[in-house]
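Everything in the sequence shown is counted per the working numbering, starting at 16 for the first residue and increasing by one. The beta carbon of each residue, even a glycine, is placed where N, CA and C say it ideally should be. Since the structure comes first, as structure tokens, the remarks are kept for the end.
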Amino acid sequence: MKSKSLLAMLLVPLSWHWANAQQVPTFTKITQGVLPNDHLESRFGVWGDYDNDGRLDVLVTGPANQWRLYHNDGNALFSAVTTGPMSQRSQGMWGAWGDPDNDGDLDFLAGRTWSSSESPAMYWNDGQGNFVRQPVGASWTSNHIPLRGVVGAWGDFDRDGFPDALLGAGFSFLTGTITNELLHNNGDGTFAVVTNSVLNIENDQIQYVCTVDYDSDGDLDLVPVRVDQPLPTQFYRNDGYGGFTEATPEPILSEVGYRLTAAWADFDNDGDLDVIFAGYQAESERFYVNNGDGTFSPRAGQPDRFESDASYGSFAGGVVAWGDFDNDGYQDLWVMDAVRKWLWRNLGNGNFEEVDCGSPLTDPGDQSACWVDFNNDGYLDLFVANRGATGNNLYLNNGNTNHWLEVKLRGMVSDRLAVGAKIFATATIGGQVMRQLRVITASDADQTLVAHFGLGDATNVDNLRIEWPIGTVQELTNVVANQILTVTEQQAGAINAPSLAVSKSAGGALQLTATGQTNLRYVFEASTNLAQWTKIAVRTNLTGTVDYTPAASSAPAKFYRVLVP
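Laid out in structure tokens, this is it:
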């Protein structure tokens, strides 16, 4: 399963349920260290390995001066980052890890706060886990448009190999106009605001942005969740080139509600993504099953509404999170509101049951929750962000005997994090063939950079299929269970190394010409020191040669190469 790249360089649904999966794990509450004991106004935990040491760290966001980056030190201990711009805690409540410069380390896009006129900001990672803060203002956009967004998401919407971004207006106490901004990645560290996007709606209170291929056509669509507006949740369909059209399917179009968040997952293992919406009122709470053709049907039965006891009233600030906590191959559901919490276990036959998991159900905590394997043991742990005096809650999953697989992706043609990639794992569990789907996401609504699969009694994955964001399909067979597997993008049929030549036009512009196999994607990269290479373009070779004209450079020396991953 070793990856390779060909290089030329120029120095210039199932109805059964596996009985053995009745082993329901228990949880141990982590009480040591700063993460569970910092008493900040925590709102969200955004997990990502910012220093590439193999352990997931967490940035806990909150109001101004109430956010903090915690480094995962191992052994269930975390230390607070107290130096550099990430320690200043002056940014907003929302944000997402991404890699817009495709250099292999995590950068962070942070929105501004509700009540501050401060610009959003990019925190650029230097590759050593140190950050440089850059305000995301008019100087950051190539068409010099100021930005004021609160919430954000990454995704390669036009499938050119560079992750684009969406900044949503969010809920704001500020006066004046705030507009959602769709940002196209220029590939040079700047972005262009797409001024004719259907999403450019003034004072549109987008609270979360879900980047999701809801119609299964291979490109990322957008489903923003609006707060404090009794409107239908709108779906924006991608035309395949980064243009969006409002195309909300029935019955979602006919239902209104004050919705707060959404959670997407293939809970029934039929190969498409289903969704739960939650919000401030019972009318906001909906569970829709994807019909596989871009349409949806309301799901009947628990948990269609999440209150088991009507005396608790409406879902006051609903939180939902999917994850296969018992590793049986079916994704389970964590639900909580301002009053109580539930763990709904997926039985694999279309039904759920409530699970008593102890202190996670009774401890304070009402802001957000996510499943994350922070200690790399293959079992999903639970993090609950909490405001005020009680601190954040981190629960260690004690596991069971079920097997697992975790997958990290390294994009070459696609963007480095492979945001939007679909990973299908087919395994024989309990004597039955099961095909599971996971998706790599990077948004304020859902940050999932490591795909987790529960495998029950299966000791290997028969087939692991990766549908990369840019269209490459890659398959591995007989993948051994109980490992964290990193897969580097590779095109099938790439055999011969390409050649690269350079010429100059009459006007003096440099032109690169790559020659090699047809119908493959070629990646052009540039460097100033032959050590660090930056992707500058992706082109498809249709005729045997493909040309690219790089931007003029002020560097004293510039090196170029072309790869066929």
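Secondary structure of residue i, DSSP reduced to three states
{"i": "Leu432", "result": "coil"}
{"i": "Thr377", "result": "helix"}
{"i": "Met449", "result": "strand"}
{"i": "Ile551", "result": "strand"}
{"i": "Ser568", "result": "coil"}
{"i": "Met427", "result": "coil"}
{"i": "Met101", "result": "helix"}
{"i": "Ile481", "result": "strand"}
{"i": "Thr584", "result": "Outside the shown range of the chain, which is 16 to 580, sits residue 584, and nothing can be said about it."}
{"i": "Ile267", "result": "helix"}
{"i": "Thr543", "result": "coil"}
{"i": "Thr76", "result": "strand"}
{"i": "Thr492", "result": "strand"}
{"i": "Thr210", "result": "coil"}
{"i": "Thr205", "result": "coil"}
{"i": "Lys573", "result": "coil"}
{"i": "Tyr563", "result": "strand"}
{"i": "Glu369", "result": "strand"}
{"i": "Asp347", "result": "strand"}
{"i": "Trp149", "result": "Sequence check: residue 149 is Gln here, not Trp. The answer is strand: DSSP assigns Gln149 an E or B state."}
{"i": "Arg252", "result": "strand"}
{"i": "Gly183", "result": "strand"}
{"i": "Tyr65", "result": "coil"}
{"i": "Val39", "result": "coil"}
{"i": "Thr416", "result": "coil"}
{"i": "Trp31", "result": "With a pLDDT of 42 at Trp31, under the threshold of 50, the predicted position of this residue should be treated as unreliable, though the coordinate-derived value follows. Three-state result, Trp31: coil."}
{"i": "Asp88", "result": "strand"}
{"i": "Asp324", "result": "Any answer about Asp324 is weak, because its pLDDT of 41 lies below 50 and its placement is not dependable; what the coordinates show is given next. The answer is coil: DSSP assigns Asp324 none of H, G, I, E or B."}
{"i": "Ala331", "result": "Below a pLDDT of 50, predicted positions are generally treated as unreliable, and Ala331, at 42, falls in that range; no measurement from the model is reported."}
Presumed contact (8 Å Cβ cut-off) between residue i and residue j, rounded CB distance
{"i": "Ala457", "j": "Val434", "result": "5 Å"}
{"i": "Met137", "j": "Asp114", "result": "No, Met137 and Asp114 are not in contact; Cβ-Cβ is about 12 Å, not under 8 Å."}
{"i": "Val96", "j": "Ala400", "result": "With a Cβ gap of about 17 Å, Val96 and Ala400 do not count as contacting."}
{"i": "Ala91", "j": "Asn284", "result": "That belief does not hold up - the Cβ atoms of Ala91 and Asn284 are roughly 31 Å apart, past 8 Å."}
{"i": "Ala207", "j": "Thr194", "result": "The pair is not a contact, with the Cβ atoms about 15 Å apart (cut-off 8 Å)."}
{"i": "Ala168", "j": "Ala125", "result": "That belief does not hold up - the Cβ atoms of Ala168 and Ala125 are roughly 13 Å apart, past 8 Å."}
Beta strand (DSSP E) segment containing residue i, residue limits
{"i": "Ser57", "result": "Note, Ser57: premise wrong, no beta strand (DSSP E); not H, not E."}
{"i": "Ile45", "result": "42 to 45"}
{"i": "Lys437", "result": "437 to 444"}
{"i": "Gln222", "result": "221 to 227"}
{"i": "Thr260", "result": "259 to 261"}
{"i": "Cys385", "result": "383 to 387"}
{"i": "Lys356", "result": "356 to 361"}
{"i": "Glu394", "result": "According to the sequence shown, residue 394 is Tyr rather than Glu. Counting along the chain, Tyr394 falls outside any beta strand (DSSP E), and DSSP gives it neither H nor E."}
{"i": "Ala111", "result": "110 to 113"}
{"i": "Ser94", "result": "92 to 95"}
{"i": "Tyr138", "result": "136 to 140"}
{"i": "Pro239", "result": "236 to 241"}
{"i": "Val335", "result": "334 to 338"}
{"i": "Asn200", "result": "196 to 200"}
{"i": "Trp169", "result": "166 to 170"}
{"i": "Leu124", "result": "122 to 125"}
Residues bridged to residue i [DSSP beta-bridge criterion]
{"i": "Pro161", "result": "Per DSSP, none; premise fails for Pro161."}
{"i": "Lys519", "result": "Leu525"}
{"i": "Ile499", "result": "Glu421"}
{"i": "Pro580", "result": "Looking at the DSSP assignment, Pro580 forms no beta bridge with any residue, so it has no partner."}
{"i": "Ser291", "result": "Ser is not the amino acid found at residue 291; the sequence shown has Ile there. According to DSSP, Ile291 bridges with Ala278, Phe302."}
{"i": "Pro178", "result": "Answer is none; Pro178 lacks a bridge partner."}
{"i": "Val476", "result": "Val494"}
{"i": "Val465", "result": "Answer is none; Val465 lacks a bridge partner."}
{"i": "Asn408", "result": "Val399"}
{"i": "Thr487", "result": "DSSP, once it has assigned bridges, lists no residue as partnering Thr487."}
{"i": "Val313", "result": "The identity of residue 313 in the sequence shown is Pro, whereas the question assumes Val. Answer by DSSP bridge pairing, in chain order: Tyr303."}
{"i": "Ser231", "result": "None, per the DSSP bridge assignment."}
{"i": "Arg83", "result": "Val75"}
{"i": "Ala507", "result": "Bridge partners of Ala507: none, in fact."}
{"i": "Leu535", "result": "Asn556"}
{"i": "Ser514", "result": "Thr530"}
{"i": "Ser458", "result": "Ala168"}
Any C-beta of chain C under 8 Å from that of residue i
{"i": "Tyr251", "result": "Among the protein chains of the structure shown there is no chain C, as only one such chain exists."}
Would you say the stretch 400 to 410 touches the stretch 38 to 49, given that touching needs at least three Cβ pairs under 8 Å? yes
Please confirm if the stretch 467 to 486 is in contact with the stretch 174 to 186, defined as three or more CB-CB distances below 8 Å between the two stretches. yes
Are there three or more Cβ pairs, one per stretch, closer than 8 Å when the stretch 274 to 284 is compared with the stretch 338 to 346? Counting Cβ pairs under 8 Å, three or more are found: they touch.
Three or more beta-carbon pairs under 8 Å between the stretch 548 to 567 and the stretch 199 to 215, yes or no? yes
The stretch 497 to 511 in contact with the stretch 422 to 429 per 3-pair CB rule at 8 Å: Yes: the two stretches touch, three or more of their Cβ pairs being nearer than 8 Å.
How about the stretch 562 to 572 and the stretch 527 to 544: do they share at least three Cβ pairs that are nearer than 8 Å? yes
When the Cβ atoms of the stretch 461 to 468 are set against those of the stretch 514 to 523, are three or more pairs found closer than 8 Å? no
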